[in-house]
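Residue numbers (our numbering): 259 to 479. As structure tokens, the structure follows; a few thoughts come after it.
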Amino acid sequence: MFSRLRADIKATFDRDPAARSVLEVLFCYPGLHAISLHRLAHWLWRHHLYFLARFLSHLSRFLTGIEIHPGAQIGPGFFIDHGMGVVIGETAEIGENVTMYHGVTLGGTSWKKEKRHPTIGNNVVIGAGAKILGPIKIGDGSRVGSGSVVLKDVPPNSVVVGIPGRVTYREGKRIEEMIGLDPHDLPDPVLQAIHCILDRMQDLEKRIEEVREQYKSVPIG
């Protein structure tokens, strides 16, 4: 547990330039408080001390504004920046070195007692207000844009944005889709219509010329 606490403190220094001292991080970072209390609550949960685990989780929510179910599995190096309004469900799984901003929800879409929350890979960044719902997977190294609503699996090393979330970059290359493109990349419908008219006019002129040639070859009288 202490090794993970050290990893979480290191993650705070690595990813927040405002962090100035260990003392400041220990006493003034609610994200660190929430994850530290969660690790203790998760230990209680795994040892079937369910009421104590839920009570500690509830206390953590009251103190930090961050709600993490004690059943959620979270790897080392987890960093929650600001944190207010974060909700992480019971069957959520979070890998190593994940960064999460305020207002994020890892939620479920089913009431069945089964895997119903997302699995987040290693080195993932989830922007403020993003909602990731259902037993889907976010691949290693991916980025989820602020305010996105993600309902489908995301491949590794991808960028997903929008409502519903769509992959716009994969392995550093842009995914050419009509939805999610930059407005400057969208086709101009007026220009397309003009091109169609010009193509049609050229076709008609060609046919008229062919008819003229046929009439020239017809003998008169």
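Ideal Cβ positions, reconstructed from N, Cα and C, are used throughout, including at glycine.
Per DSSP, cross-strand counterpart(s) of residue i
{"i": "residue 378", "result": "352 and 396"}
{"i": "residue 283", "result": "Looking at the DSSP assignment, residue 283 forms no beta bridge with any residue, so it has no partner."}
{"i": "residue 427", "result": "417 and 432"}
{"i": "residue 372", "result": "None; residue 372 has no bridge partner."}
{"i": "residue 408", "result": "390"}
{"i": "residue 470", "result": "For residue 470, which the question treats as bridged, DSSP gives no partner whatsoever."}
{"i": "residue 363", "result": "345 and 389"}
{"i": "residue 203", "result": "Missing from the structure shown is residue 203; the chain here goes from 259 to 479 and no further."}
{"i": "residue 401", "result": "383 and 417"}
{"i": "residue 332", "result": "352"}
Spatially closest choice to residue i from the options, by CA coordinates
{"i": "residue 252", "options": "261, 309 and 465", "result": "Nothing about residue 252 can be reported from this structure: the residues present for the chain run from 259 to 479 only."}
{"i": "residue 369", "options": "383, 393 and 351", "result": "393"}
{"i": "residue 276", "options": "340, 299, 317 and 389", "result": "340"}
{"i": "residue 414", "options": "428, 387 and 274", "result": "428"}
{"i": "residue 322", "options": "389, 288, 300 and 284", "result": "288"}
{"i": "residue 359", "options": "303, 456, 270 and 452", "result": "270"}
{"i": "residue 431", "options": "411, 400 and 314", "result": "400"}
Local Cβ density within 10 Å of residue i, reported as buried at 16 or more and exposed below that
{"i": "residue 465", "result": "exposed"}
{"i": "residue 367", "result": "exposed"}
{"i": "residue 441", "result": "For residue 441, the predicted structure reports a pLDDT of 47, less than 50, and the residue's modelled location is therefore unreliable. A value from the coordinates is still provided. Under this definition residue 441 is an exposed residue."}
{"i": "residue 324", "result": "buried"}
{"i": "residue 264", "result": "exposed"}
{"i": "residue 469", "result": "exposed"}
{"i": "residue 300", "result": "buried"}
{"i": "residue 438", "result": "Unreliable positioning characterises residue 438 in this predicted model, as indicated by a pLDDT of 47, which lies under 50. The coordinate reading is nonetheless provided below. Classification of residue 438: buried, given that the 10 Å Cβ count is 16 or more."}
{"i": "residue 267", "result": "buried"}
Inter-residue CB distance, residue i and residue j (contact presumed, cutoff 8 Å)
{"i": "residue 290", "j": "residue 314", "result": "Actually they do not touch by this definition, with Cβ atoms about 16 Å apart."}
{"i": "residue 412", "j": "residue 418", "result": "5 Å"}
{"i": "residue 354", "j": "residue 335", "result": "5 Å"}
{"i": "residue 338", "j": "residue 292", "result": "6 Å"}
Item to complete: Kindly confirm or deny that the segment 370–379 and the segment 344–358 touch, where touching means at least three C-beta pairs closer than 8 Å.
Response: Touching, yes.
Practice prompt. Could you say if the segment 397–414 and the segment 379–387 meet the contact criterion of at least three C-beta pairs nearer than 8 Å?
Written response: Contact between the segment 397–414 and the segment 379–387 is present, because at least three Cβ pairs lie under 8 Å.
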